[in-house]
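Heads up, the sequence shown is in numbering that gives the first Met the number 0, so the first residue is 0 and it goes up one at a time. Just below is one structure, and these are the notes that go with it.
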Amino acid sequence: MASHLEIERKYETGSGFSLPDLRDVPGLSGVAEPKTHTLIARYYDTEDLRLAARGITLRRRTGGEDAGWHLKLPVGKGAKQEIHAPLGPGTETVPTRLSDLVVAYTRGRELVPVAQLETQRTERALLAADGTVLAELADDSVTAQRLGRAPNGAGWKTWRELEVELVDGSPAVVKAVGKRLRGSGARKSRVAAKLDVVLGDEVSHVELPEATRTAGEAMTTYLARQTERLLGYDPLVRLADHDDDSVHKMRVAVRRIRSILRTHRKLLDRARVDPLDTELKWLADALGEVRDLEVLRARYTRQLAELLDTPREPAWLAAMARDERAARDRLRRTLLTPRYLALLDALDTFIADPPVTERAHRAADQEIPRVVTRAWRKMARAHDEADRLPAGRDRDGALHRTRKAAKRARYTAEAATLVLGKPARRLARGAERIQGVLGAYQDGVVAKQHLAGIASRPDTAPDDAFVIGELAGVQRCAGTRALEDLPAVWKKANSRKLLRAL
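Here you go:
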């Protein structure tokens with residue numbers, strides 16, 4: 000199963016449109032001879048079009064040079080992650096490896112054919128001086144039909160469109176070609192995919208709440224955005240077989256949600272929210288198993304390269320790589336469980352009908368500063384406790400609690416920027432710096448403990464034990480350096496002036 004990032008721009012044309020000469024477009028040196036293809040694609044979705052609602056397309060296409068199954072996941076403006084799987088032995092059943100990638104959206108609902116498109120494509124490679132294909136221009140004449148429950152007996156639709164897709168050039172090339180096409184009468188497409196033309200108004204695109212008048216509305220708006228981020232990273236986590244930051248970012252979305260549920264506890268019905276928090280912790284732990292191994296293994300690999308003239312991968316580090324792969328497999332299985340899908344449903348229910356108290360109906364610009372201040376003061380109390388303790392296990396625990404409190408204060412201030420703007424943003428940056436210093440220290444503490452466990456194993460070779468001892472020393476030095484920065488960072492971030500500005 001192959002995957003690549005697709006960056007393209009789509010344009011609509013009138014019946015009399017003629018392609019302009021593109022050879023003198025800035026960045027181009029030539030246009031290859033056209034190639035023609037007949038493409039037949041069948042699109043799949045749930046009956047209620049859950050994939051289309053989020054701009055996801057899943058199709059089985061024959062013809063052309065990339066026949067097969069294609070799943071396209073939006074990953075930013077004008078960009079999609081495209082996952083490709085072979086056609087298979089004449090079957091039209093969606094491959095399990097693709098249907099699993101969208102289970103967070105389908106949640107047990109069957110994927111069925113919803114549209115069929117036949118495209119007569121004329122394709123031109125746009126070239127650099129050395130013959131490199133910078134982009135491709137596809138001129139498509141499309142005939143399409145809604146399958147299944149076609150409204151009002153809808154029949155075939157026909158239209159023409161242009162696609163400019165980046166290959167080995169820069170986005171500037173795509174932009175310049177688009178400018179030339181628009182100058183000749185083409186228009187930016189009003190839809191992101193051909194399927195949107197067929198489905199039309201049937202698709203209920205997901206619209207996130209935007210209200211911030213009351214404290215409850217501001218909280219819900221932020222939580223809806225984080226829930227959407229969680230969903231967006233879900234398929235990328237399922238795809239990843241190495242550290243591509245997707246596990247980290249999905250876990251951060253979960254942590255942000257949990258932090259807001261806790262710091263805004265006075266706005267919420269705890270009896271209804273506590274079970275959700277329990278499930279979010281379960282998910283965060285499942286993600287954390289992979290992430291912790293990612294971080295430690297990358298840390299040790301980097302430090303070994305600095306310590307040794309001819310670094311090799313010791314057996315214990317290779318074992319960590321195997322443990323990480325096994326943890327990824329467990330995580331993928333976790334993300335297919337009914338428990339996980341029920342958690343996603345619970346988040347949707349929360350966003351649609353937040354279980355709030357009367358306090359949540361207070362004006363956001365009056366209540367949210369109190370929420371931020373409470374989170375900040377809790378962080379300050381944790382810091383003061385740690386500052387009074389001598390170096391040792393108890394202080395390490397107190398510093399770790401301070402770090403967690405700083406993280407909650409940061410996320411609470413970030414959420415508050417929806418209402419309070421720049422003052423909350425400044426607080427968030429300060430808390431992030433405190434979290435960063437304490438995180439660097441905590442990483443060293445965790446790494447040192449982990450290395451001690453490896454060194455104590457009876458199967459650890461003497462040479463490896465020596466290297467582990469050297470690495471443990473590196474952790475101690477790194478932790479000491481990190482804490483040296485804490486007083487200055489704390490003084491700058493913990494400014495009463497910043498709190499008064501809320």
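Idealized CB from N, CA, C, for every residue including glycine.
Beta-carbon spacing of residue i, residue j below 8 Å
i, j, result
"VAL173", "ILE6", "yes"
"GLY130", "GLN144", "no"
"LEU340", "ARG106", "yes"
"THR356", "LEU266", "yes"
"THR333", "ALA283", "no"
"GLY26", "ALA171", "yes"
"LEU180", "VAL101", "no"
"LEU125", "LEU21", "yes"
"LEU133", "ALA78", "no"
"ALA31", "ARG123", "yes"
"GLY443", "ALA481", "yes"
"GLN441", "HIS382", "no"
"GLY177", "ALA359", "no"
"SER2", "GLU81", "yes"
"GLN302", "VAL436", "no"
"ALA326", "LEU295", "no"
"PRO112", "GLY87", "no"
"TYR299", "LEU316", "yes"
"ASP233", "ALA103", "yes"
Same chain, Cβ closer than 6 Å to residue i, neighbours up to 5 away in sequence not counted
i, result
"ALA397", "GLU384, ALA385 and LEU388"
"PRO368", "LEU501"
"VAL331", "Inspection of the sequence shows that residue 331 is occupied by Arg rather than by Val. Closer than 6 Å at the Cβ level, and outside the excluded window around ARG331, lie ARG237."
"ALA374", "THR262, ARG407, ALA408 and THR411"
"VAL93", "TYR43 and LEU110"
"ALA471", "LYS447 and LEU450"
"VAL235", "Strictly speaking, residue 235 in this sequence is Leu, with Val absent from that position. Once the five neighbours on either side are set aside, the close Cβ partners of LEU235 are SER245."
"GLY313", "Per the sequence shown, residue 313 should be read as Pro rather than Gly. ASP463."
"THR35", "THR121"
"PRO19", "ARG179 and SER183"
"ALA252", "GLN225, ARG228 and LEU229"
Close Cβ partners of residue i (< 7 Å) along its chain, the five nearest in sequence each way excluded
i, result
"THR211", "ALA217, THR220, ALA363, LEU417 and VAL418"
"ARG290", "VAL246, HIS247 and ARG250"
"GLU413", "ALA427"
"VAL190", "VAL196"
With 16 other Cβ atoms within 10 Å as the buried cut-off, status of residue i
i, result
"THR12", "buried"
"VAL197", "buried"
"THR213", "buried"
"ASP462", "exposed"
"GLY478", "buried"
"ARG58", "buried"
"LEU343", "buried"
"SER258", "buried"
"ARG495", "exposed"
"ARG338", "exposed"
"ARG503", "Residue 503 falls outside the range modelled here, since the chain spans only 0 to 501, and no answer is possible."
"THR45", "buried"
"LEU207", "exposed"
"ALA351", "exposed"
"PRO556", "This structure cannot settle anything about residue 556, because the visible part of the chain is limited to 0 through 501."
"PRO85", "exposed"
"ALA297", "exposed"
"LYS377", "buried"
"GLY420", "exposed"
"GLU469", "exposed"
"GLN365", "exposed"
"GLY287", "buried"
"GLU483", "exposed"
"GLY152", "Here GLY152 scores only 48 on pLDDT, less than 50, and its place in the model should not be relied on; the value that follows carries that caveat. Counting Cβ neighbours within 10 Å, GLY152 comes out exposed, since fewer than 16 surround it."
"GLY231", "buried"
"GLU323", "buried"
Same chain, Cβ closer than 8 Å to residue i, neighbours up to 5 away in sequence not counted
i, result
"THR372", "LEU498 and LEU501"
"VAL205", "ALA52, ARG53 and GLU227"
"GLN434", "ARG402, ALA405, LYS406 and ARG409"
"ARG186", "TYR10, GLU11 and THR12"
"THR56", "TYR42, LEU50, HIS69, LEU70, LYS71, ALA192 and LEU194"
"GLU160", "LYS9, TYR10, GLU11, THR12, ASP139, VAL141, SER188 and LYS193"
"ASP268", "PRO354, VAL355 and THR356"
"PHE16", "ARG159, SER183, GLY184 and ALA185"
8 Å contact criterion, which residue i and residue j should meet: CB distance rounded
i, j, result
"ALA454", "ALA464", "5 Å"
"GLN119", "ARG41", "Not really, about 17 Å apart at Cβ, beyond 8 Å."
"HIS83", "GLY67", "5 Å"
"ALA507", "ALA492", "No answer is possible for residue 507: it lies beyond the span of the chain, which begins at 0 and ends at 501."
"VAL202", "LEU48", "5 Å"
"VAL24", "ALA127", "About 12 Å; that fails the 8 Å criterion."
Any non-hydrogen atom of the ligand SAM closer than 7 Å to residue i Cβ
i, result
"GLY87", "Questions concerning the ligand SAM fall outside what the structure shown contains, since it holds no ligand whatsoever."
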